Amino acid sequence: MKLKDKYKVALTGYAFILPTFIFLIWFMYYPVYQALSGAFTNWDGFNAPQFIGLDNFKRMMTDEVLSQSTVNALIWIAFSIILSVVPPFIVAELIFHVKKTKLQYLYRTLFVVPIVIPGIVTVLLWRLLYQGDGAINQILEMIGLGSLQKLWLGDPNIALYSIMLMGFPWISAFNMLIFYSGLQGIPQEVIEAAKLEGATGWKRVFRLDIPLSLPQFRLIIILSLIGSLQNIIPPLIMTNGGPGYSTYVPILHMYNVSTVNGEFGYGMAVALIMFLVILLFTILNMKLVKSES
Amino acid sequence: MKSIRLPSVGQWILIILLFFSFLPVYFIFVNSVKTPLDFAASTLNIPQHFEWSNYTAAWDKISMPIVNSVVIIAISVFFIVILSSMSAYAFAKLSFPLKNSLFMLIFSLLLIPGFLTLIPLYLQIKKLGLSDSYWALILPYIAGGQAFTIFVLKTFFDQLPNELFEAARIDGAGNPKIYTSIVLPLSIPICTTVGIININNLWNDYLLPSLLLDRAHQTLTVALVSFEASAGNYGLSDYGGMMAAYILASVPLLLLFSVLMRNFVEGIASGSIKM
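Here the protein sequences line up with chains A and B, keeping their order. Position one of the first sequence corresponds to residue 1 (the UniProt record's numbering), numbered consecutively onward. Position one of the second sequence corresponds to residue 1 (the UniProt record's numbering), numbered consecutively onward.
(1) Expressed to the nearest angstrom, what Euclidean distance is found between the alpha-carbon atoms of Pro88/A and Leu44/B?
(2) Residues of chain A with CB closer than 8 angstroms to the CB of Gly172/B, please, in chain order.
(3) Select from the segment 112-126 of chain B all residues with a C-beta closer than 9 angstroms to any C-beta belonging to chain A, and list them in chain order.
(4) How many angstroms separate the CA atom of Tyr248/A from the CA atom of Tyr161/A?
(5) Nearest to Leu139/B by alpha carbon, out of Phe107/B, Leu208/B, Asn175/B, Ser21/B?
(6) Name, please, each residue of chain B whose Cβ falls closer than 8 angstroms to the Cβ of Trp202/A.
(7) Within 10 Å of its beta-carbon, does Tyr33/A have 16 or more other beta-carbons around it, so buried, or fewer, so exposed?
(8) If I measure Cβ to Cβ from Leu24/A and keep anything under 6 angstroms in the same chain, skipping five residues before and after, which residues do I get?
(9) Tell me whether Thr219/B is buried or exposed, calling it buried when 16 or more other Cβ atoms sit within 10 Å of its Cβ.
(10) Report back the beta-carbon spacing between Phe179/A and Ser21/B to the nearest angstrom; my notes put them in contact at under 8 angstroms.
(11) Tell me the DSSP bridge mates of Thr41/A?
(12) Please classify Tyr89/B as buried or exposed, where buried requires at least 16 neighbouring CB atoms within 10 angstroms.
(13) How long is the line joining the alpha carbons of Val266/A and Asn56/A, rounded to whole angstroms?
(14) Distance, Cα to Cα, Pro97/B vs Phe103/B?
(15) Are the Cβ atoms of Lys34/B and Ala245/B separated by less than 8 angstroms?
(16) Could you give the uninterrupted runs of the alpha helix (DSSP H) lying entirely in the segment 129-217 of chain A, keeping only those of 4 residues or more?
(17) If you draw a straight line from the alpha carbon of Met164/A to that of Pro65/B, how long is it in whole angstroms?
(18) Hey, quick one: how far does the alpha helix (DSSP H) through Lys93/A stretch, first residue to last?
(19) When you compare only the Cα positions, how much space is there between Gln124/B and Trp203/B?
(20) Span of the alpha helix (DSSP H) holding Trp52/B?
(21) Should Trp26/A be flagged as near chain B, meaning a C-beta pair shorter than 8 angstroms?
(22) Any C-beta of chain A sitting closer than 8 angstroms to the C-beta of Val25/B?
(23) Can you name the residues of chain A whose CB is closer than 7 angstroms to the CB of Ala249/B?
(24) Would Thr43/B pass as an interface residue toward chain A - the criterion being a Cβ-Cβ separation below 8 angstroms?
(25) Tell me, please, whether the segment 176-189 of chain B touches the segment 119-135 of chain B by the rule of three or more beta-carbon pairs shorter than 8 angstroms.
(26) Is there a Cβ from chain A that is less than 8 angstroms from the Cβ of Phe142/B?
(27) Using beta carbons (cut-off 8 angstroms, strictly below), is Met254/A in contact with chain B?
(28) Can Leu276/A and Ile28/B be called in contact, C-beta distance under 8 angstroms?
(29) What residue does the alpha helix (DSSP H) around His253/A start on, and which one ends it?
(30) Could you tell me the alpha carbon to alpha carbon distance between Glu166/B and Val67/B, rounded to whole angstroms?
(31) Can you give me the Cβ contacts of Ala249/B inside the same chain, cut-off strictly under 8 angstroms, excluding the 5 residues immediately before and after it?
(32) If the cut is a Cβ gap below 7 angstroms, which residues of chain A does Pro97/B touch?
(33) Inspect the CB distances between the segment 113-123 of chain A and the segment 196-215 of chain A and report whether three or more fall short of 8 angstroms.
(34) Mapping the DSSP letters down to three states, classify Ile22/A as helix, strand or coil.
(35) Whole angstroms are fine: how far does the CA of Lys290/A sit from the CA of Glu192/A?
(36) Are there 16 or more other CB atoms within 10 angstroms of the CB of Thr101/A, so buried, or fewer, so exposed?
See below:
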């Protein structure tokens, strides 16, 4: 009887996870397997893929578009980490120091409201704002700075920066809420003790809030690092990598060689290397967390 | 007499930042009610005459894509939450051989970025003959949402006391009964939060739908990108219609959040979602 019961529970357990696994095998594990194995073939989507060893990876070493993309990606990562950490943290601090709880809730909600605008609309909107006769140049003209007018997306020297800097004032609602929850988690006794030692205002921010929010900082830094490597929509929609290759990034290169040229094998090789880079950062991050706790 | 207290410096900074955060909303709105001629004159002012017909023109172009997106996402998120909660319950409260290895197998998917599977998925769905139908997106979306949702729900179920389930078992309830009458009702708030996060992700998805769907099944994001700024009067593009489409595109999420905003803000701010 006991054994039979155990058997029954085990069967029930499998029955509960079976639907999930059917979907995962079909639409996750199999595609992952195809991506990993495809990287070593000349797969073109129609003919049977042939194993070509490391040829795709050798080609990457001499691919000039890829090296330009990598440089762009590094600049992008640096900017996106700063922009996803600094403005949301400042806003979280300011809201946290508002005295009335009701007002705090109001501010939090108001900063979250803009997320109802679909991300793609933000990208399309900024493409329009950056146009030669767009709003940004109109504003510059209006305030007498007409000499600063530029072709924001058409000038290869500034197009990359224009794309990275869209979305002013860069207050990600999600990051702001994460920082805010971190600040809320600081124990009252610690704050009182700090007050006695004279740590108020700016001193408090640097001596107390920032050190105690390190887990939140680390989470957001790693997420924005990973996110910026995967960020294909802005360059794809705003410039498609142009002018020239000035706004190309590795993921856009992967996408275009696969979908436009049909070189799936090579595209998967680029994707595989990007995946390994992201995995490395994630594991490093986990190790750091473990060694501290 | 009560004195009116002015906001402190910090609050002034918040108000200025809020002003800039909402500037795009202002920009989209004022231009959504402009004629092409008004738009060409300035994109920044409020027009003297509001051209509401832009909205009917925009609605004609994006009503079908909005319906497509809503149908695809509603079905996908429903099954994501149901299947994930079943698995999360099994991983949290039932014991069976290989449980931990199977959970690790799911957990490892959190490390797989979407771009790695994008191209193989695209080719696979084409091969299955599913492209140009709702299923082209629904099936991969259901698979794609599992790992994260299972992870969040399992964390939640782990915290539910075991006595709760023991008591039901003594009363003769089987696992399916426990799942439907105890687990599901208790997890409605957390399911709502992960549901919103899934909806928000899928609502913004662009690449897979742009690769797989024909015009009849086009989703909202694809329709917005390919919105033809058709030449209106005076040979000027119909930017007013485009802006009206952006406003209409934001309405569904605005409705969703106006009902569930507190749930969402509290859910993240309380730290129940950890990665």
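A virtual CB, placed ideally from N, CA and C, is assigned to each residue, including glycine. Please read all numbers here as calculations on a predicted model, not as lab measurements.
With the structure as the only source:
(1) Cα to Cα, the separation comes out at about 27 angstroms.
(2) Correct list: empty, because the minimum Cβ distance to chain A is about 13 angstroms.
(3) Ile112, Pro113, Gly114, Phe115, Leu116, Thr117, Leu118, Ile119, Pro120, Leu121, Tyr122, Leu123, Gln124, Ile125, Lys126
(4) 12 angstroms
(5) Leu208/B
(6) Residues of chain B passing the Cβ test: none, with the nearest at roughly 12 angstroms.
(7) Tyr33/A is exposed by the Cβ-count criterion.
(8) none
(9) buried
(10) That pair is no contact at about 16 angstroms.
(11) Note: Thr41/A is bridge-paired with Phe51/A in the DSSP secondary-structure output.
(12) buried
(13) This sequence places Tyr at residue 266/A; Val is not what is there. Near 5 angstroms, if we compare the C-alpha coordinates of Asn56/A and Tyr266/A.
(14) 11 angstroms
(15) no
(16) 135-142, 159-164, 173-184, 188-196, 201-204
(17) 29 angstroms
(18) Note that residue 93/A corresponds to Glu in the displayed sequence, not to Lys. Looking at the DSSP string, the run of the alpha helix (DSSP H) that includes Glu93/A is 64-96.
(19) The straight-line gap from Cα to Cα measures roughly 23 angstroms.
(20) First-last for Trp52/B: undefined, no H or E at that position.
(21) Cβ-Cβ to chain B under 8 angstroms: yes for Trp26/A.
(22) yes
(23) At a beta-carbon threshold of 7 angstroms, the residues of chain A lying near Ala249/B are Pro118, Val121, ordered along the chain.
(24) yes
(25) no
(26) Here residue 142/B is Ile; the residue named in the question, Phe, does not match the sequence. Ile142/B counts as touching chain A.
(27) Yes - at least one Cβ of chain B is within 8 angstroms of the one on Met254/A.
(28) Taking C-beta atoms as the reference points, Leu276/A and Ile28/B fail to come closer than 8 angstroms.
(29) Note, His253/A: alpha helix (DSSP H), 250-259.
(30) Approximately 44 angstroms, taken between the alpha carbons.
(31) Ile62, Ile66, Leu220, Leu224
(32) Ala10, listed in chain order.
(33) no
(34) helix
(35) 29 angstroms
(36) exposed
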